[in-house]
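So the structure is just underneath, and the comments pick up after that.
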Amino acid sequence: MSPNEFPYRKLPGDFRGFFRRNTLWLGADHLLQVDSTRFSETYKRFYLRDIQTIIIRKTPRFVLPYYWLVLAVVAALIGLLFKLDSRRILFWPATIVLAAEAVYLYAASMFQSCTCHLFTRVSKVELRSLFRLRPARQFADLIAPRIAGVQGGMPEGWVERTTTLAELFTAADRNPDAPVDVLPTGTFSWLTVFVFVFVLIDAGLTWLQLRNPSSRSFSTPNVINMIALAVCATLAIVRLSRQKGSQALRALVLGGLIVVAAVTYGVVLFQSIAQQLHPETVRDYLSYPLGICEIAGDIAVAIPGLVLAFRQPQSPPKPTSLFDTGAPPA
Amino acid sequence: MAIRCTGCGSPLSNDVLESGGEFRACPFCGSETMVLVFPALFTPPSVPTAAEMAAGIGDATCFYHASKRASAPCSQCGRFLCKLCSVQFSGMVWCPECIEAGRTRKRVVNLENQRTLYDSIALALATWPALLFSPSLVTAPAALFLSIFYWKRPTSIVRRHTKLRLVLAMIFSLVQIGLWIVFGIFMVYQFRKGVLNNVPK
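Chains as they are written, first to last, in the working numbering: chain F, 12 to 341; chain V, 12 to 212.
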């Protein structure tokens with residue numbers, strides 16, 4: 012390598028906070044993690060020959076890089092400024108930008124986030140720049156052949172040498188009869204029921220609004236209902252994703268959330284376009300069909316969801332003491 | 012030896028380990044996990060035995076341990092080193108003293124674990140305070156001083172255009188200093204003009 016040649020190659024993944032930035036770089040024989048404040052940098056080197064394991068784990072996590080925050084603040088300021096203006100030229104575009112950003116951040120945080128850990132003989136380090144799945148996968152695809160090239164092939168029977176059966180049994184509450192390769196079975200939870208009840212309430216409120224379009228008395232209950240739905244659905248999705256046999260229920264919870272969010276976003280989008288095109292005579296062409304679709308979607312999701320939620324088995328009672336076996340007293 | 016889930020700490024089962032770059036659920040917490048395992052996990056630590064290290068008659072001995080057999084010379088200072096003292100680093104053999112010297116004097120890039128970015132400080136001083144106008148009276152000369160004083164100081168390891176920020180900081184600060192000088196001359200001129208106008212005839 013000539014002295015003028017740049018020794019590092021930027022790897023996928025980049026976390027840019029307000030005061031910190033984390034990046035990963037690939038050198039000739041090592042991986043360089045750069046943790047920088049605005050005015051100083053701290054370096055950690057992981058030599059390719061020393062890296063034992065890289066573990067990427069999907070997990071819901073909310074990470075807010077500064078550029079999203081700046082965009083949100085700018086959009087909110089523009090929206091507020093133009094709400095005071097009589098023409099409201101940029102109010103609806105700013106609202107749409109805010110809503111789209113919120114939807115993206117929600118989706119990315121819930122379904123596209125991960126943690127990435129790198130292990131050597133003496134250290135376990137979280138690679139903070141890899142907090143989204145796509146760059147983490149790109150990183151893994153890029154780095155794995157390099158490390159394999161330095162370290163060579165895997166030894167014979169390496170899988171058996173990593174985890175012994177005894178260790179697995181120890182982890183399963185020291186019970187050798189316990190199955191070690193299954194998730195905990197899904198159990199009944201009121202949280203899931205609440206989600207579908209909120210979806211049905213949304214259908215009812217939409218129906219009332221369609222019956223009386225000039226009334227604005229339903230908007231506050233609608234917003235409160237949507238916030239409650241969002242919170243409960245988020246918690247329910249996280250809970251259901253960690254249970255066995257709950258995929259269908261999880262899909263229905265997600266479906267309810269998507270129906271409500273998509274219709275709300277569609278109404279906002281339509282109103283903004285209509286206001287841009289015909290500022291004087293805004294006519295509701297799509298509100299009625301969208302409302303009907305929302306009611307149909309809500310019912311289609313909520314009824315099977317409630318049936319499935321109530322068919323989940325009840326969780327066993329927790330023992331009150333160490334000697335309580337759960338059996339009735341003699 | 013067990014590879015553990017980073018979520019719950021339980022050992023990961025064989026099907027997760029053998030997934031070959033695909034996500035599989037942890038058997039205990041259900042988190043979808045992708046594991047990349049490398050041969051270094053199975054390499055035992057290379058600790059030399061006492062017999063390997065004992066110096067015989069006629070053997071060259073370690074500079075730091077007179078009773079131990081030398082295995083390699085330091086590529087920097089040439090001292091003979093035993094297996095305990097020799098450090099394989101950047102494709103060369105180093106003795107502990109040369110590593111310490113390289114780290115403290117910042118001669119070896121691969122040993123540095125922190126850098127202060129004087130060029131970023133200078134550029135920030137030359138730009139942000141200028142938006143508030145009056146602080147630039149102090150910060151512009153400070154940015155110019157930093158740019159000149161730290162001209163030879165290395166900047167970020169992972170940045171290509173090493174002097175660009177310093178040059179920009181110098182240009183911005185010189186412009187601000189120039190403007191302050193013009194403003195000062197103007198104010199003095201106005202002041203003198205005002206004084207002359209108020210002199211009673």
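Cβ atoms here follow ideal geometry from the backbone N, Cα and C, with glycine treated the same way.
With a threshold of 16 other beta carbon atoms within 10 Å, Met121 (chain F) meets it and is buried. Neighbours of Ser134 (chain F) across chain V, judged by C-beta separation under 7 Å, do not exist; the nearest C-beta is about 13 Å away. Leu75 (chain F) counts as exposed, since fewer than 16 other C-beta atoms from the protein chains shown sit within 10 angstroms of its C-beta. Cβ contact annotation for Ile62 (chain F) (same chain, cutoff 7 Å, sequence separation greater than five): Leu129, Thr131 and Ile158, in chain order. Taking C-beta separations shorter than 6 Å and ignoring five residues to either side along the sequence, the partners of Arg164 (chain V) in its chain run Tyr129, following chain order.
Residues of the segment 179-204 of chain V whose Cβ lies closer than 7 Å to any Cβ of chain F: none. When rounded, the separation of the alpha-carbon atoms in Pro146 (chain F) and Ala119 (chain F) is 13 Å. Residue state for Arg250 (chain F) is assigned as helix, using DSSP reduced to three classes. The Cβ atoms of Ser184 (chain V) and Ala137 (chain V) sit closer than 7 Å to each other. Proximity of Ala155 (chain F) to chain V, defined by a Cβ-Cβ separation below 7 Å, is satisfied. Counting of Cβ neighbours within 10 angstroms places Lys174 (chain V) among the exposed residues, the total staying below 16. Contact note: Thr127 (chain V) reaches chain F through Phe50 and Ser51, using a C-beta cutoff of 7 Å and chain order. Just so you know, the alpha carbons of Asn223 (chain F) and Pro232 (chain F) end up roughly 15 Å apart. The beta carbon of Thr64 (chain F) is closer than 6 Å to those of Phe130 in its chain, skipping five residues each way along the sequence. When secondary structure is reduced to three states using DSSP, Val270 (chain F) falls in the helix class. Close to Glu43 (chain V), with beta-carbon spacing below 8 Å, are these residues of chain F in chain order: Arg68 and Lys69. Short of 8 Å from the beta carbon of Pro107 (chain V), and not among the five residues preceding or following it, lie these beta carbons of its own chain, in chain order: Tyr75, Cys96 and Val98. When the Cα atoms are used, Trp36 (chain F) and Ile168 (chain V) turn out to be separated by approximately 10 Å.
Identification of chain V residues near Pro166 (chain F) by a Cβ-Cβ cut-off of 8 Å yields Pro50 and Phe53, ordered along the chain. For Ala159 (chain F), the residues of chain V that pass the 9 Å Cβ criterion are Phe49 and Pro50, in the order they occur in the chain. Around the C-beta of Leu92 (chain F), fewer than 16 other C-beta atoms lie within 10 Å, and the residue is accordingly described as exposed. With fewer than three CB-CB distances shorter than 8 Å, the segment 14-25 of chain V does not count as touching the segment 29-43 of chain F. Note on geometry: alpha-carbon atoms of Gly24 (chain F) and Arg49 (chain F) lie some 18 Å from one another. Apart from sequence neighbours up to five positions away, the residues of its chain that approach Asp309 (chain F) with a beta-carbon distance below 8 Å are Val210, Leu211, Asp213, Ala214, Thr217, Gly267, Val270 and Val271, ordered along the chain. Residue nearest to Gln187 (chain V) within the set V:Tyr161, V:Val206, V:Trp139 and V:Gly205 is V:Trp139 (criterion: CA-CA distance). Around Ala151 (chain V), no beta-carbon contact reaches into chain F at under 7 Å, the shortest distance being about 18 Å. Note on geometry: alpha-carbon atoms of Trp169 (chain F) and Ser30 (chain V) lie some 13 Å from one another. Residue pairing by DSSP places Trp105 (chain V) opposite V:Val98 in a beta bridge. With 16 or more other CB atoms across the displayed protein chains lying within 10 angstroms of its CB, Val274 (chain F) is buried. If you draw a straight line from the Cα of Pro152 (chain V) to the Cα of Thr44 (chain V), it comes to about 54 Å. Exclusion of the five residues before and after Val84 (chain F) leaves no residue of its chain whose Cβ lies closer than 6 Å to its Cβ.
Under a 10 Å Cβ-count criterion, Arg227 (chain F) is classified as exposed, with fewer than 16 other Cβ atoms of the shown protein chains found around its own Cβ. Taking a Cβ-Cβ threshold of 7 Å, the residues of chain F close to Cys40 (chain V) are Arg253, in chain order. Identification of chain V residues near Thr126 (chain F) by a Cβ-Cβ cut-off of 9 Å yields Thr17 and Gly18, ordered along the chain.
The beta carbon of Asp46 (chain F) is closer than 6 Å to those of Asn33 and Thr53 in its chain, skipping five residues each way along the sequence. In this structure, Cys93 (chain V) sits near Cys73 (chain V), with a CB-CB distance shorter than 7 Å.
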